[in-house]
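Colleague: The structure's right below; bear with me while I get my questions together.
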Amino acid sequence: MCATFEIQGRVFRPGREVLARAKEGVVRPVWAGFARSEILGWWERRGGELLDIPAERFAERSDQTRRLVWDDVPGGLVLRGVMKRGEGSPLVRIVTRAATEAEVMRFQHTRMPLLERPLYEPLDSGDFGDLGDLEDQGQGLLF
1 MCATFEIQGR
11 VFRPGREVLA
21 RAKEGVVRPV
31 WAGFARSEIL
41 GWWERRGGEL
51 LDIPAERFAE
61 RSDQTRRLVW
71 DDVPGGLVLR
81 GVMKRGEGSP
91 LVRIVTRAAT
101 EAEVMRFQHT
111 RMPLLERPLY
121 EPLDSGDFGD
131 LGDLEDQGQG
141 LLF
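And the structure:
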C-alpha cells in the first residue's frame with residue numbers, strides 16, 4: 001500500500017504533510033490513507049482531485065516480516081494521489097492497485113502504489129525548499 005516514500009532524502013509517511021502538484025499548483029495535504037484504483041471514479045465523483053506526488057523511491061511493509069521493502073520509482077513517473085478538500089487541512093490518499101504475482105513475492109504485500117506519468121507540470125527545485133519545513137513535523141528518517 002506504500003508504507004512510506006522518499007524524495008531528496010526526506011521520508012514521508014501517513015499522518016504527515018506531503019508535497020504534491022495539483023491542477024492549480026503546489027499543495028501540501030496531509031496523507032490520510034489509501035484509495036483503491038479500482039474505485040478511483042467514486043473518489044472523483046465526490047470531489048476528489050488527482051495529484052502528482054513526486055517520489056524517488058517507496059517502500060511496502062511486508063505482511064510476513066513487517067520490514068520495509070524499498071523500490072525505486074522509475075524516472076518520469078509519480079505516485080498518484082487523490083485529494084479531498086473540506087474543513088481543515090486538505091487530505092490526500094495514495095492511490096493503490098493490486099500487486100502482480102511477482103510483486104507479492106518480492107514485497108510480501110497485495111497492494112502497490114499506482115505509479116503514472118504526471119498530469120501536471122513537475123515541481124521545480126524551488127518547491128523542494130519547503131521540504132525543510134516538513135521535517136519540523138517529525139518526518140525525519142524512519143530507520
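No gaps in the numbering here: position 37 of the sequence shown is 37 in this note's numbering, and each next residue is one more.
A virtual CB, placed ideally from N, CA and C, is assigned to each residue, including glycine.
Treat the numbers as computed from the prediction; the structure is a model and nothing was measured.
Spatial neighbours of proline 14 within its chain, please: CB distance less than 6 Å, with the 5 preceding and 5 following residues excluded, ordered by chain position.
Modeller: Trp31, listed in sequence order.
Colleague: Given proline 118, which residues of its chain have a CB within under 6 Å of its CB, disregarding the five upstream and five downstream residues?
Modeller: Around proline 118: Asp52 and Val78.
Colleague: Whose C-beta lies closer than 6 Å to the C-beta of methionine 1 among residues of the same chain, with five residues either side of it excluded?
Modeller: Result list for methionine 1: Phe34, Thr96 and Arg111, in chain order.
Colleague: Find the nearest neighbour of glycine 75 within the set Glu60, Pro54 and Arg93, judged by alpha-carbon distance.
Modeller: Checking every option, the nearest Cα to that of glycine 75 belongs to Pro54.
Colleague: DSSP state of valine 82, grouped into three classes?
Modeller: In the structure shown, valine 82 sits in a strand (DSSP, three-state: E or B).
Colleague: Only counting the same chain, and skipping five residues up and downstream in sequence, which positions put a Cβ closer than 6 Å to that of tyrosine 120?
Modeller: The residues are Arg21 and Asp52.
Colleague: If you follow the alpha helix (DSSP H) that alanine 102 is part of, which residue opens it and which one closes it?
Modeller: 101-107 is the span of the alpha helix (DSSP H), which, as asked, contains alanine 102.
Colleague: With a threshold of 16 other CB atoms inside 10 Å of the CB of alanine 102, please say whether the residue is buried or exposed.
Modeller: Answer is exposed; the Cβ neighbour count stays below 16.
Colleague: Between the Cα of glutamate 49 and those of His109, Glu60 and Arg85, spot the shortest distance and give me the residue it belongs to.
Modeller: That would be Arg85, whose Cα lies nearest to the Cα of glutamate 49.
Colleague: Return the CA-CA distance between histidine 109 and glycine 88, expressed in angstroms with no decimal places.
Modeller: Near 32 Å, if we compare the C-alpha coordinates of glycine 88 and histidine 109.
Colleague: How many angstroms separate the CA atom of tryptophan 70 from the CA atom of arginine 28?
Modeller: Between tryptophan 70 and arginine 28, the C-alpha separation is close to 24 Å.
Colleague: How big is the Cα-Cα spacing for arginine 80 and valine 104?
Modeller: If you take the alpha carbons of arginine 80 and valine 104, they lie about 20 Å apart.
Colleague: Please report the residue range of the beta strand (DSSP E) in which glycine 47 lies.
Modeller: Premise fails: glycine 47 is in no beta strand (DSSP E) and is neither H nor E.
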